[in-house]
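S.K.: Chains A and B are the protein sequences, given in the same order. Just add 32 to the spot in the first sequence (first one is 1) and you have the numbering used here. Just add 32 to the spot in the second sequence (first one is 1) and you have the numbering used here. Yeah, the Cβ is synthetic: ideal placement off N, Cα and C, and Gly gets one too. Please read through the structure below; I'll follow up with questions.
There are 2 protein chains.
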Amino acid sequence: MKELSNLMDYRPGIKAVDATLRDGGLVNDFFFTDEFIKNLYNANLRAGVDYMEFGYKGDKEMFDPEKFGACKFCDDDFIRSIVGENNTDLKIAVMADVGRCNYKEDIHDRSESPVDLIRVATYLHQIPTAVDMIEDAKRKGYEVSCNIMAVSNAQESDVKVALDILGKTPVDVIYIVDSFGSLYPEQIARIASIYTEYADKYNKKVGMHAHNNQQLAFANTIEAVGDGVDWLDATYGGMGRGAGNCAMELLLGFLKNPKYNVYPVIQFIEKHITALREQGVVWGYDLQYLLTGLFNQHPRTAIQFTNEKRKDYSEFYKEIIAQD
Amino acid sequence: MKELSNLMDYRPGIKAVDATLRDGGLVNDFFFTDEFIKNLYNANLRAGVDYMEFGYKGDKEMFDPEKFGACKFCDDDFIRSIVGENNTDLKIAVMADVGRCNYKEDIHDRSESPVDLIRVATYLHQIPTAVDMIEDAKRKGYEVSCNIMAVSNAQESDVKVALDILGKTPVDVIYIVDSFGSLYPEQIARIASIYTEYADKYNKKVGMHAHNNQQLAFANTIEAVGDGVDWLDATYGGMGRGAGNCAMELLLGFLKNPKYNVYPVIQFIEKHITALREQGVVWGYDLQYLLTGLFNQHPRTAIQFTNEKRKDYSEFYKEIIAQD
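Next comes the structure, spelled out in structure tokens:
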């Protein structure tokens, strides 16, 4: 049983990271209203959330700004229009994907930006570019985290090499990312023990980003807490790609640090998340996501199934099984 | 980390129990069509499910047969109309609630009944009657299990006394029941260690019945598997009271015994569970259930909130918090 086992106490080092605009934006092409974003910012402030991720630093040469909302690009001026100079305890994060952002140009010095944290997202085969992005962001003055995506598909030995490389960079936090929502809590325990071993060696923190394909996003996140993981991603109402993420209302209900408060989250969901669902924005557990999770596949086929409003789950099952 | 840790192997003693008609019946007053029940029976047969619970042995003096479907009462003739003599590997179960059934009259000898397993459900303060029901059912020739409900509200010392009393009866299986959906996996680990201690002493098996208020029904069920719990309740689509139960499609996806097959479950959900939802039958995770789970309360206020089609979650939060 876990060291943090009495469930009454809390670890002050835990950080709650709101990824609603970023992972949630993947299901509505980032078309959030300014009112939504401002209210979310205020809800996070009142809820005691530690970091709010505003979206991606998408490359405008690659993604048409006409086809996405502002959170796809996270220009400093856009963020400033919401948060001003953000003289609060809530820090601002953006995600920079390897290969999908022009980080040298689009990420300015922290002294000129309202952003505090650059979250570099990489697959294992892109680690050298991720390292360059980490060093670039650190040089510019940011806190930096790194997401190693799709860990359920990775060889442990490759993960260890990546952690050793990342450990030698100035990155602050390294994330476990269950992109396919296919991991069980016992697997999280094993993966976390590998990550924390390298994190301890190199004086880094470890984070957890979970998906809900098997209704385990929250369970895997609290499993990770018990395993020594400190940075926890969550989204309001679990809003996120496919089956969605760990729900912020579940996470703050669980965390015992008195600085957290679930009530503003409930209020925000009642007003804004319910409205998004009524407008037809779709995410959350469903059989197609269970199946891609179960078979440890990228959810893209399940997302297509959802977008086509298909309900023939058993046909989808056969399509999945038939794939080689 | 768990003994059953490689996640590749399986424990042959695991039993999957389909509680769809019983716990699911609580959200539609047991008004299932014969076609639904027959197809569910066939799906369970094909999926390799071990036990199928048909419903309650409700006392007709207490519950008006006009107001409930047949699964509220589970007359032997009704079950026989579905399963015939049931010459299959799928065993038939019914639940008998302490204080809500006339067990001496309504439960006939097993030799005259298609039922194999009587599931006695009791609160801690009703244990003596539960013991009488267990002895009665055993005398009549049945396998017998006992659910100790609302364990999250119980004192551990009381639970131990109850387990010691039940251990001395001829009951076969004793269930952990998280009626309020308020337990975290680490608490399941602790509770399971108490249950398995008494079960080992008295040569009983332990079962798990979870609710999904905090999206932990599946997570708590597989936690229990790792803790030595063998009997696992689940329902198709998670159909059950309030936030519902552990979903059968998740559970069979997890269990590695080759006798289990998730495909018939997917087919049944596609055809029948989706239709129930479209007819307006409501269950599953929602904020009102999260809140009663979080505050370790019976979900009855949340069920009322649902039935009144309320969406003012923040008002409900205040109602819950204001309760003394």
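What does the alpha-carbon distance come out to for the pair residue 190 of chain B and residue 263 of chain B?
M.R.: When rounded, the distance between both Cα atoms is 23 Å.
S.K.: Below 8 Å CB to CB, which residues in the same chain sit around residue 352 of chain A once its five sequence neighbours on both sides are set aside?
M.R.: So the qualifying residues of the chain are 323, 324, 327, 329, 333.
S.K.: Rounded to whole angstroms, what is the Cα-Cα separation between residue 282 of chain B and residue 250 of chain B?
M.R.: So the two alpha carbons sit approximately 7 Å from each other.
S.K.: Residues of chain B with CB under 9 Å from residue 383 of chain A, in chain order?
M.R.: Outside the shown range of chain A, which is 33 to 356, sits residue 383 of chain A, and nothing can be said about it.
S.K.: Which same chain residues, not among the five before or five after residue 267 of chain B, have their C-beta less than 8 Å away from its C-beta?
M.R.: Taken in chain order, the residues that qualify are 50, 51, 52, 55, 56, 276, 277, 278, 279, 280.
S.K.: Please report the straight-line C-alpha distance between residue 165 of chain B and residue 248 of chain A, rounded to a whole angstrom.
M.R.: About 37 Å.
S.K.: Our contact map puts residue 204 of chain B next to residue 184 of chain B with C-beta atoms below 8 Å; I'd like the distance itself, whole angstroms only.
M.R.: So it is not a contact: roughly 24 Å between Cβ atoms.
S.K.: Between A:70, A:335, A:347, A:346, which lies nearest to residue 60 of chain A when the distance is taken from Cα to Cα?
M.R.: Residue A:335 is the option with its Cα nearest to residue 60 of chain A.
S.K.: Between which residues of its own chain and residue 136 of chain B is the CB-CB distance below 8 Å, once the five residues before and five after are set aside?
M.R.: Cβ within range, chain order: 168.
S.K.: So, residue 58 of chain B versus residue 309 of chain B, is the Cβ gap smaller than 8 Å?
M.R.: It is not a contact, given that the beta carbons lie outside the stated cut-off.
S.K.: Which value, in whole angstroms, describes the spacing of the CA atoms of residue 245 of chain A and residue 318 of chain A?
M.R.: Rounded to whole angstroms, residue 245 of chain A to residue 318 of chain A spans 7 Å at the Cα level.
S.K.: Assuming residue 239 of chain B is part of the beta strand (DSSP E), what are its boundary residues?
M.R.: Residues 237 to 241.
S.K.: Does the beta carbon of residue 166 of chain A come closer than 8 Å to any beta carbon on chain B?
M.R.: It does not: the Cβ of residue 166 of chain A has no partner Cβ on chain B nearer than 8 Å.
S.K.: Whose C-alpha, out of B:214, B:230, B:229, B:232, is nearest the C-alpha of residue 242 of chain B?
M.R.: For the residues B:214, B:230, B:229, B:232, the minimum Cα distance to residue 242 of chain B belongs to B:214.
S.K.: Closest by CA to residue 321 of chain A, which one among A:343, A:233, A:312?
M.R.: Checking every option, the nearest Cα to that of residue 321 of chain A belongs to A:343.
S.K.: Would residue 184 of chain B count as contacting chain A if we go by Cβ distances under 8 Å?
M.R.: So no, residue 184 of chain B is outside the interface.
S.K.: Considering Cα atoms alone, identify which of B:46, B:42, B:39, B:41 is closest to residue 239 of chain B.
M.R.: Comparing Cα-Cα distances from residue 239 of chain B to each of B:46, B:42, B:39, B:41, the minimum goes to B:46.
S.K.: I need the straight-line Cα distance from residue 172 of chain A to residue 314 of chain A, nearest angstrom please.
M.R.: Residue 172 of chain A and residue 314 of chain A: Cα-Cα distance of roughly 37 Å.
S.K.: Checking the sheet assignment: what are the DSSP bridge partners for residue 179 of chain A?
M.R.: A:153, A:207.
S.K.: Hey, does residue 285 of chain A have any beta-carbon neighbour from chain B nearer than 8 Å?
M.R.: Taking Cβ atoms only, chain B reaches closer than 8 Å to residue 285 of chain A, which makes this a yes.
S.K.: Roughly how many whole angstroms lie between the Cα atoms of residue 99 of chain A and residue 269 of chain A?
M.R.: So the alpha carbons of these two residues sit roughly 25 Å apart.
S.K.: Please report the straight-line C-alpha distance between residue 72 of chain A and residue 78 of chain A, rounded to a whole angstrom.
M.R.: Looking at the two C-alpha atoms, the distance is approximately 10 Å.
S.K.: Quick one: what's residue 264 of chain B bridged to in DSSP?
M.R.: According to DSSP, residue 264 of chain B bridges with B:48, B:240.
S.K.: Using beta-carbon positions only, say whether residue 255 of chain B and residue 217 of chain A come within less than 8 Å of one another.
M.R.: Yes, the Cβ-Cβ distance between residue 255 of chain B and residue 217 of chain A is below 8 Å.
S.K.: Within its chain, find whatever has a CB closer than 6 Å to the CB of residue 102 of chain A; leave out the 5 residues flanking it on each side and keep chain order.
M.R.: Cβ neighbours of residue 102 of chain A beyond the five flanking positions: 110.
S.K.: Compute the minimum distance between the beta carbon of residue 107 of chain B and the heavy atoms of the ligand SAH, and state whether it is under 7 Å.
M.R.: Among the components modelled here there is no ligand, and therefore nothing to report on the ligand SAH.
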